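Chemist:
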Amino acid sequence: MKQFFATCPKGLEYLLRDELMSLGATDVHEALAGVRFSGSLETAYRACLWSRLASRVLLPIAEFDAATDDALYAGVQTIDWSEHLALHATLAVDANTAQSKLTHSQYLAQRVKDAVVDQFRQRGQARPDVDTEEPDVRINLRLRRDRATVSIDLAGAPLHRRGWRQTQGEAPLKENLAAAMLLRAGWPEAYAQGGALLDPMCGSGTLLIEGALMVADVAPGLRRDYYGFLGWKQHDIGLWRSLLDEANRRAEAGLPALRSCFFGSDADPRMVQMAKRNAQEAGIAGFFTLDKHDALHVRPPAGFEHGLVITNPPYGERLGERETLPKFYRSLGETLRDHFTGWRAAVLAGDAELGRATTLRAEKKYTLYNGALETVLLIFELHPRDETPREKPPLSPGAQMLKNRLEKNLKHLRKRLEREGVHAWRAYDQDLPEYAAAIDVYTDTSRTTHLHIQEYRAPADVPAELARTRLREMARVAGEVFDTPRTRIALKTRERGKGGSKYGQFDQRGEFIEVEEGGLAFLVNLYDYLDTGLFLDHRLVRAKVRELAAGKRFLNLFAYTATASVYAAAGGARDTTSVDLSGTYLEWASRNLALNGFSGEKHRLVQADAASFLLRTHERYGLIYVDPPTFSNSKRAEDFDVQRDHVKLLLACADRLTADGVIVFSNNFRRFSLDRESLEARLTIENWGAGSIPFDFSRRANIHDCWLLRPHGPAGGSANPWENARVKK
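Following UniProt numbering, the numbering of the sequence shown begins with 1 at its first residue and continues without gaps.
1. Whole angstroms is fine: what's the gap from W232's alpha carbon to S82's?
2. With C-beta atoms as the reference, is A275 less than 8 Å away from G203?
3. What residues in its chain sit with their C-beta under 6 Å from that of R591, if we drop five residues either side in the sequence?
4. Please look up how many angstroms separate the CB atoms of L154 and F229, rounded, as I've assumed it's under 8 Å.
5. Out of F669, Q166, A178, which one is the CA nearest neighbour of E281?
6. Under a three-way DSSP split, which group does S501 fall into?
7. Figure out for me which residue from A564, G205, A362 has the closest Cα to the Cα of L290.
8. Report the partner residues of T557 according to the DSSP bridge assignment.
9. Does DSSP classify K2 as helix, strand or coil?
10. Please state whether DSSP places S105 in a helix, a strand or coil.
11. In this structure, does DSSP put T132 in helix, strand or coil?
12. Excluding the 5 residues flanking A478 on each side, which residues of the same chain have their C-beta closer than 6 Å to its C-beta?
13. Can you give me the Cβ contacts of F695 inside the same chain, cut-off strictly under 7 Å, excluding the 5 residues immediately before and after it?
14. In angstroms with no decimal places, state the Cα-to-Cα distance between H88 and R299.
15. Using only the alpha-carbon positions, how far apart do R318 and D351 sit?
16. Quick one: is V215 buried, meaning 16 or more other Cβ sit within 10 Å of its Cβ, or exposed?
17. Let me check one thing: in DSSP terms, what residues is L683 bridge-paired to?
18. Is L336 close to chain B? Criterion is C-beta to C-beta, closer than 8 Å.
19. What residue ranges within the stretch 205-256 form continuous alpha helix (DSSP H) runs of no fewer than 4 residues, ordered along the chain?
20. Which class does Y45 belong to by DSSP, given the choice of helix, strand or coil?
21. Going by DSSP, what residue range makes up the beta strand (DSSP E) through T90?
22. Check for me: the alpha helix (DSSP H) holding T335 runs from which residue to which?
23. Does the distance from the C-beta atom of L159 to that of R56 stay below 8 Å?
24. How far does the beta strand (DSSP E) with F37 in it extend, from its first residue to its last?
25. Please classify N140: is it buried, with 16 or more other beta-carbons within 10 angstroms of its beta-carbon, or exposed?
26. With distance defined between alpha-carbon atoms, name the residue in M21, E30, E19 nearest to E13.
27. Inspect the CB distances between the stretch 239-254 and the stretch 123-140 and report whether three or more fall short of 8 Å.
28. In its own chain, which residues sit with a C-beta less than 6 Å from the C-beta of F304, not counting the 5 before and 5 after it?
29. Hey, R656 and R620 are a contact pair by Cβ (cut 8 Å); roughly how many whole angstroms apart?
30. Rounded to the nearest angstrom, how far is the Cβ of I663 from that of V626, given a contact under 8 Å?
31. Quick one, which of L378, H412, Y428 has its alpha-carbon nearest L402's?
32. Quickly, what does DSSP pair K292 with across the bridge? List them, please.
33. In chain order, what residues of the same chain have a beta carbon less than 6 Å from the beta carbon of Y73, not counting five sequence neighbours either side?
34. On a CA-only basis, which of N525, L378, V218 is nearest residue 737? Give me that one, please.
35. Sort out for me which residues DSSP pairs H412 with in a bridge.
36. Given a cut-off of 8 Å on the beta-carbon distance, is the pair E455 and T493 in contact?
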């Protein structure tokens, strides 16, 4: 009995262990990215020929300490290489190292090669030549914690190379990872039950071809014409030929019995042709149906009521792709749910967030590695929906009161909303103390209604379960009043945890809707963040900015998604500068500006905190909009407290104003008190708080404050207070 080590991608170790045991291996133990096992040479040959999961099969021949390159060289020379390499044979060396003093794998491979070649020279024999592609013997060095293991690589080349792939796409799925997906998803069992295999994004056909060869009992390595043991001096050619004969007999019996139940499609016609050529090379094209289809329009093939939908969607690794993927994954989930009832689905998602975007509940989850990229395989059982609509229970007395209040609010506000063209507004704001939440209505440009329900902190004496029940009632009642399905209701809830009440984890859908306000368009995200990208209570403040902006240079501090900058540009500002510390929000801001036709050098986006920007800029502005957070403790900027720091902030803004400039200052801190005494020496202050509250927020008129500040002395008359503060620090 010999000891072997079969390597595999991380995440496949347990599957590979079971597979090797089925091939006759004994003393099988999984390790990181591989499995140790014992067996005869026949066992190792079977692993090379039949393993669908292994990457390589290694035969260790020596192990020794190698803390230095001299020790490595000496250790390799203790091996009698004439037992492994015939005269005039070729060789190649692979090396990898971890947690060792020797860290350069290419240098290690060179030293191993030198030791082998020098041994032949020292014996007066011709030195072996190097062949990196298909050597007679491939040597593998594994160095861990200064301990070297030297092995013969019996595979010679990665076993995922089956020999049928003629063409491939830009990022092909490796065949052993495809096999793992199929096994985890239960494809052999589904086939035995008469099911079909369908890949709606088939690419070069890897999943379908692996699936067909698996159930046809075709050895995955049968079409390979190269193995690392073929030129090895200890190769048993008779044993190998007998194993090949057995594999050919099994394939000749399995292929004719294969059912034509393999269906693939791809939006790219070139990939469809590529998959067809690969299926032909694998000898199974006659069992396949391959067509050009968009993944979201795929449907179950005729004659099959069940089966496995399996696919490897894009992960968004390329710049700019990621933000569009959650919407695609959600649409994919809807397609599976709506059209593949009774089927099983397996999706290899780039990460758990993309998996959640499908809105399907995964029965099983497995972490797999596609190369170095960690992915998650999600298995879904697509159960039939209950065709009989469940009768909703009657509303509780409290919920009925809530419904009455919402209907009353809607009736009261509807005419004015229509008259003023308001499409994003507040319908309810804790009108009833028992139902502590705000309900905002967003009607997108396609006139579809969406609801955003945001829970307030419930009193400590309200049980958590009761608060959750009331929130569910709010979602139901709001959906009924505004005729909006649950799929278009964003519900943001608070959770009680360490440190008090906090908001739960949000989705990562990446879904934006376009809403209109004041004749302008803005992108709103209802699900992924605490706020949506459009502060509804500042609708009149933005209108004031547009009114004041004509002919002026505009500065927007704490710009968020730059909605105020869009208003300023629409009001005729000479140029706009939007400053925010978040790259995410600045990207969003850029999209808002571009959506309204404002782009180019006249509309700058600056990633910085307000203090740093004011400290270094020498520009002057005719209009500055300042809407800071109540608190900020970002690691990239000094801590900010609006009550403590607003004087320094506003005086720094005053230094950047033109003589006829205006500062529009607002904030949402309910207990905020403007330090008029410290500001009035430089600025004339107009309290515009009451005039800045929209009619739909009249129930909470203290939701924000707003002031208009104008200089009444020479501009730039004092040192920058932010600079003074830093010097004192």
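The beta carbon of each residue, even a glycine, is placed where N, CA and C say it ideally should be.
Computed from a predicted model, the values in this text were never measured in an experiment.
Modeler: Here's the rundown:
1. Position 232 of the sequence shown, counting from 1, holds the residue named residue 232. Position 82 of the sequence shown, counting from 1, holds the residue named residue 82. Spanning the two alpha carbons is a distance of roughly 10 Å.
2. Position 275 of the sequence shown, counting from 1, holds the residue named residue 275. Position 203 of the sequence shown, counting from 1, holds the residue named residue 203. Their beta carbons are under 8 Å apart, which means A275 touches G203 by this criterion.
3. Residue mapping note: residue 591 aligns to position 591 of the sequence shown, counting from 1. Result list for R591: L523, in chain order.
4. Your numbering for residue 154 matches position 154 in the sequence shown. Your numbering for residue 229 matches position 229 in the sequence shown. Their Cβ separation, rounded to whole angstroms, is 5 Å, which keeps L154 and F229 in contact under 8 Å.
5. Working through the sequence shown from its first residue, we reach residue 281 at position 281. Answer by Cα proximity: Q166.
6. In the sequence shown, residue 501 corresponds to position 501, counting from 1. Caution applies to S501, whose pLDDT of 46 falls short of 50 and renders its modelled position unreliable; the value that the coordinates give is listed next. Strand, per DSSP.
7. Along the sequence shown, read from residue 1 onward, the residue named residue 290 stands at position 290. The residue with the shortest Cα to Cα distance from L290 is G205.
8. For the purposes of this step, residue 557 is taken as residue 557 along the sequence shown, with counting starting at 1. Contrary to the premise, residue 557 reads as Leu rather than Thr in this sequence. Answer is V579, V626, bridged to L557.
9. Position 2 of the sequence shown holds residue 2. In this structure, K2 counts as strand in the three-state DSSP scheme.
10. Within the sequence shown, residue 105 is the residue found at index 105, counting from 1. S105: helix per DSSP, three-state reduction.
11. Locating residue 132 in the sequence shown gives position 132, where the first residue counts as 1. Three-state result, T132: coil.
12. Taking the sequence shown and counting its residues from 1, one reaches residue 478 at position 478. These residues qualify, in order along the chain: I439, L451.
13. Looking up residue 695 in the sequence shown gives position 695. R416.
14. Residue mapping note: residue 88 aligns to position 88 of the sequence shown, counting from 1. Residue mapping note: residue 299 aligns to position 299 of the sequence shown, counting from 1. C-alpha separation (whole angstroms): 58 Å.
15. Indexing the sequence shown from 1 puts residue 318 at position 318. Indexing the sequence shown from 1 puts residue 351 at position 351. Reliability fails at R318, whose pLDDT of 47 lies under 50, so the model's placement of it is uncertain and the value that follows must be treated cautiously. Those two C-alpha atoms are separated by around 15 Å.
16. Taking the sequence shown and counting its residues from 1, one reaches residue 215 at position 215. So V215 ends up on the buried side.
17. On the sequence shown, residue 683 is found 683 positions in, with the first residue counted as 1. Per DSSP, P711.
18. Given the protein chain composition of this structure (a single chain), no chain B is represented.
19. 206-215, 237-254
20. To locate residue 45, count along the sequence shown from 1; it is residue 45. Y45 falls in the helix class under three-state DSSP.
21. On the sequence shown, position 90 is the one that residue 90 refers to. It spans 90-98 - the beta strand (DSSP E) in which T90 sits, taken as one unbroken run.
22. Start at 1 with the first residue of the sequence shown, and residue 335 comes out as number 335. T335 -> alpha helix (DSSP H) spans 325-339.
23. As a working mapping, residue 159 is identified with position 159 in the sequence shown. As a working mapping, residue 56 is identified with position 56 in the sequence shown. Cβ distance < 8 Å, so L159 and R56 count as in contact.
24. Position 37 of the sequence shown holds residue 37. F37 -> beta strand (DSSP E) spans 34-39.
25. Walking along the sequence shown from the start, residue 140 turns up at place 140. Looking at its Cβ environment, which holds 16 or more other Cβ atoms inside 10 Å, N140 is buried.
26. For the purposes of this step, residue 13 is identified with residue 13 of the sequence shown, where counting begins at 1. Cα-wise, what sits closest to E13 is E30.
27. no
28. Locating residue 304 in the sequence shown gives position 304, counting from the first residue. Excluding positions up to five away in sequence, the list reads A196.
29. Along the sequence shown, one-based indexing puts residue 656 at 656. Along the sequence shown, one-based indexing puts residue 620 at 620. Between R620 and R656 the Cβ distance is about 6 Å, and since that is below 8 Å, they are a contact.
30. For the purposes of this step, residue 663 is taken as the residue at position 663 of the sequence shown. For the purposes of this step, residue 626 is taken as the residue at position 626 of the sequence shown. At roughly 6 Å, the Cβ-Cβ gap stays under 8 Å, so I663 and V626 are in contact.
31. Along the sequence shown, one-based indexing puts residue 402 at 402. It is Y428.
32. As a first step, residue 292 must be located in the sequence shown, where it is residue number 292. DSSP output for K292 lists D266 as bridge partner(s).
33. By one-based count along the sequence shown, residue 73 stands at place 73. So the qualifying residues of the chain are R111, A115.
34. In the structure as shown, the chain starts at 1 and stops at 729, and residue 737 therefore has no counterpart that could be examined.
35. Looking up residue 412 in the sequence shown gives position 412. Partner(s): none; H412 has no beta bridge.
36. Mapped onto the sequence shown, residue 455 falls at position 455. Mapped onto the sequence shown, residue 493 falls at position 493. Yes, the pair counts as a contact, with Cβ atoms nearer than the cut-off.
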